[in-house]
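Numbered according to my numbering, the sequence shown spans residues 86 to 533. Scroll down for the structure; my scribbles are underneath it.
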Amino acid sequence: MSRQKLLAEVTKKYEDAYRRRTKKSRETLEKAKKYMPGGDTRTSIWFDPYPFWIDKASGCRFTDVDGNEYIDFHNCYTTMILGHANPKVVAAVREQAARGTALGALVPTVVRWSELVCNMVDSVDKVRFGNSGTEAVMMAIRLARGLTGKDLLLKTDGCYHGSYDPVVFPSDAAGLSKGNRAESIIVPYNDKAAAEKAIVENKNRLAAVIVEGAMGAAGMIPPRDGYLEFLRKVTQDNGIMFILDEVISLRLAWGGVQSIYKIKPDLTTMAKIIGGGYPVGAIGGREDLMQMFSPEIRKVYHAGTLNANPMTAVAGVATMEQLNADVINYINKLGESFAAGVRAVFKRLNVKGQITGIGSLQNVHFHTQPVVNGKAAREANKDLLHLYYLAMLERGCFSAARGLYVMSTPMTRKEIDTAVKAVDDVMTELKPTIEELWPELIGPAPQA
Ligand SMILES: Cc1ncc(COP(=O)(O)O)c(C=O)c1O
Numbered sequence: 086m087s088r089q090k091l092l093a094e095v096t097k098k099y100e101d102a103y104r105r106r107t108k109k110s111r112e113t114l115e116k117a118k119k120y121m122p123g124g125d126t127r128t129s130i131w132f133d134p135y136p137f138w139i140d141k142a143s144g145c146r147f148t149d150v151d152g153n154e155y156i157d158f159h160n161c162y163t164t165m166i167l168g169h170a171n172p173k174v175v176a177a178v179r180e181q182a183a184r185g186t187a188l189g190a191l192v193p194t195v196v197r198w199s200e201l202v203c204n205m206v207d208s209v210d211k212v213r214f215g216n217s218g219t220e221a222v223m224m225a226i227r228l229a230r231g232l233t234g235k236d237l238l239l240k241t242d243g244c245y246h247g248s249y250d251p252v253v254f255p256s257d258a259a260g261l262s263k264g265n266r267a268e269s270i271i272v273p274y275n276d277k278a279a280a281e282k283a284i285v286e287n288k289n290r291l292a293a294v295i296v297e298g299a300m301g302a303a304g305m306i307p308p309r310d311g312y313l314e315f316l317r318k319v320t321q322d323n324g325i326m327f328i329l330d331e332v333i334s335l336r337l338a339w340g341g342v343q344s345i346y347k348i349k350p351d352l353t354t355m356a357k358i359i360g361g362g363y364p365v366g367a368i369g370g371r372e373d374l375m376q377m378f379s380p381e382i383r384k385v386y387h388a389g390t391l392n393a394n395p396m397t398a399v400a401g402v403a404t405m406e407q408l409n410a411d412v413i414n415y416i417n418k419l420g421e422s423f424a425a426g427v428r429a430v431f432k433r434l435n436v437k438g439q440i441t442g443i444g445s446l447q448n449v450h451f452h453t454q455p456v457v458n459g460k461a462a463r464e465a466n467k468d469l470l471h472l473y474y475l476a477m478l479e480r481g482c483f484s485a486a487r488g489l490y491v492m493s494t495p496m497t498r499k500e501i502d503t504a505v506k507a508v509d510d511v512m513t514e515l516k517p518t519i520e521e522l523w524p525e526l527i528g529p530a531p532q533a
């Protein structure tokens, strides 16, 4: 049988098993198709044959509409650091719901919220809130452009910064504004020489350099060999604004990834954990830069009907007040022990599986080359990942389809052991398929 036919057959086997367990989800999708294109309204959560629909979630577990139970290693793409229905968050939003959910002026809780964010992140003297990480990035770029009078951006291949045209990846995606490609230079992540060359050559045109604290969407690829420190220094030496996108990486340390690498970006973009599961985005940074948003100066425009809305504010406060270095350390340890367990499985089975990440965020890849940048992550074997993913779902472990595993505080050793055991069973089951379809993936995992 040809490789292609065999792959189609084995994929069908796993997808059929998934279909059998998710009949109500399928029905819901069919209904949804009547009103939403393809029944979908969130590109990033789609996977084949179709994503399931969730009934209810609590702690680190949830149940889908067919009654299947899962451990949640997805955590809404890293947002739900305290897991679901955290009692203090639920109490706070219940109380606020009865006092007004969208108001034409701010509630005082927003002050406490901004204090928490500024106290958490050393480089953030002042903060402004919006409703998504996309908006936070948009505002950071607007501020950089507004202040410098320059347009060009430097970004890194594979770093994800949301849905705003100048940073959408791939940069030739349909519908982007025309000058978009001309507005940004893209260099490979973790390549210091390429970044330095581009910054020095274009410094008179560059408004800012934007980079993720660790590449999230590309597959949790950490910065290597002082990459972020280097970018900070080169931008500083050349008078270029440095925007660190910590929408995902903020949860990795009390103080964000910038505290691990001891750097002070000019601006930081944040979202996800600071909103306690409600729509959120924030831009923070150096006093003199952020002051440009102040009504006293108002050099840069920033409005939004639901900016700093009371529901997000109270959920954000209730979440952030439960976070500290020890809590973050706890979930980081869980993530590291999950990674160690998975690595041991790959080693014992002699399969070129890799797990990359930092602390509470870990990502599985299958590749003959070490996954250290966007290109390597894109070239990893997605067909095998798809089989692995469906087989993990069958064992009650939900992660992002791209192989991202996210820890939350309600998790214990038990959930980690269950997941590692599931990886062991899945990889043991898949080994003959790998030998047949992808013999190049048999052998010790490549070292970065
Ligand atoms: C690093 C990073 N920046 C920006 C965004 C955009 O955030 P949002 O989806 O809230 O618009 C994301 C989303 O995942 C992200 O991971």
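Cβ coordinates follow ideal geometry from the N, Cα and C atoms, glycine included. Every value quoted in this text rests on a predicted model; they were computed, and no experiment measured them.
Spatial neighbours of residue i in its chain, beta-carbon cut-off 8 Å, leaving aside the 5 residues before and after
i: Tyr386; result: Arg227
i: Ile527; result: Asn435, Val436, Lys437, Ile519, Glu520
Residues of its chain near residue i, where Cβ-Cβ distance is below 6 Å and the 5 sequence neighbours each way are ignored
i: Met375; result: Lys211
i: Met492; result: Ile416, Leu419, Gly420, Ser445
i: Val430; result: Val508, Asp509, Met512
i: Tyr363; result: Met396, Thr397, Ala400
i: Val95; result: Thr518
i: Asp502; result: none
Any non-hydrogen atom of ligand 1 within 7 Å of residue i CB
i: Thr107; result: no
i: Ala356; result: yes
i: Ile226; result: no
i: Asp330; result: yes
i: Thr219; result: yes
i: Gly247; result: yes
i: Ile368; result: no
i: Gly130; result: Going by the sequence as given, residue 130 is Ile instead of Gly. Ile130 Cβ: outside cutoff for every heavy atom of ligand 1.
i: Tyr162; result: yes
i: Ile295; result: no
i: Val253; result: no
i: Val206; result: no
i: Val195; result: no
i: Val212; result: no
i: Ile416; result: no
Proximal residues to residue i (C-beta, below 7 Å), its chain only, five neighbours per side dropped
i: Val253; result: Leu261
i: Asp125; result: Trp131
i: Ala302; result: Tyr245
i: Gly209; result: Note that residue 209 is Val in the sequence shown here, rather than Gly. Once the five neighbours on either side are set aside, the close Cβ partners of Val209 are Val202, Cys203, Thr353, Gly369, Gly370.
i: Gln532; result: Pro455
Where residue i sits in the DSSP three-state scheme
i: Asn216; result: coil
i: Arg309; result: coil
i: Pro273; result: strand
i: Glu406; result: coil
i: Ser129; result: helix
i: Tyr352; result: At residue 352 the sequence reads Leu, which differs from the Tyr that was named. Of the three classes helix, strand and coil, the one that applies to Leu352 here is strand, per DSSP.
i: Gln343; result: helix
i: Ser248; result: coil
i: His471; result: helix
i: Thr453; result: coil
i: Leu261; result: coil
Burial state of residue i (16 or more Cβ within 10 Å)
i: Leu91; result: exposed
i: Pro172; result: exposed
i: Pro529; result: exposed
i: Gly185; result: exposed
Residue i: CB within 7 Å of a non-hydrogen atom of ligand 3
i: Ala302; result: In terms of ligand content, the structure shown lacks ligand 3 and carries ligand 1 instead.
State whether the segment 337-344 contacts the segment 357-372, with contact taken as three or more CB pairs (one from each stretch) at a distance under 8 Å. no
So, do the segment 461-480 and the segment 308-324 have three or more beta carbon pairs nearer to each other than 8 Å? no
Within 8 Å, do at least three Cβ pairs link the segment 101-114 to the segment 137-152? yes
Taking contact to mean 3 or more Cβ pairs, one atom from each stretch, closer than 8 Å, check whether the segment 159-174 and the segment 138-147 are in contact. yes
For the segment 282-293 against the segment 229-237, are there 3 or more C-beta pairs whose distance is under 8 Å? yes
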